[in-house]
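Residue numbers (the working numbering): 24 to 162.
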Amino acid sequence: GHSLGADAAIPMAEEMKKKGAPVALIVTFGPDQKQLAPSNVGRIVNYYLGSATISRGPGFSGSISNVDLDSASDINHFNIEKIERLHAKAIGQVQAVFGRIHEVSAAPSQEPTRTSPDPLHRHIDRGPAADLAYPRRER
């Protein structure tokens, strides 16, 4: 998310935590406030300006990368989400997460319950929380 959307990412993850759902990755662009990472998040990458960092919250055991962009003369709050080099990094981070999901789903003992040609809508049954983390599409 960008700006207020970035600020909303942590509360959304907290809501998912209440439902027992893990969050593999959060990527934020230009949040407006400091926040604490909830324990159900695996990885956070925060591209920020100013002091809007994300810190470890209670029980958080994942990884956090706070990337300070204050010294980048071509980046400001109004274009941070449009910078191609940041897009490429974020896409790589998402692909890495889906690569891990693919590796798990390819294991003989863990067959996916349904796959789709669209990797963003792949569903791998990991119990009740999976429906929240990887929603099924009706056909």
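Glycine is no exception: its CB is placed at the ideal position from the N, C-alpha and C atoms.
As the structure is a computational prediction, the values presented were derived from the model and not from experiment.
Asked: 7 angstroms Cβ cutoff met for V50 and A95; Found: no
Asked: Neighbourhood of I103 by C-beta, 8 angstroms cutoff - its chain only, sequence neighbours within 5 removed; Found: H25, F52, G53, Y70, L72, L92 and L109
Asked: Separation of R79 from S88, as counted between CA atoms; Found: 11 angstroms
Asked: Closest by C-alpha distance to V90, when choosing among D97, I67 and G82; Found: I67
Asked: CA-to-CA distance, G85 to G28, given in whole angstroms; Found: 21 angstroms
Asked: Rounded separation between I77 and L59 - CA only; Found: 6 angstroms
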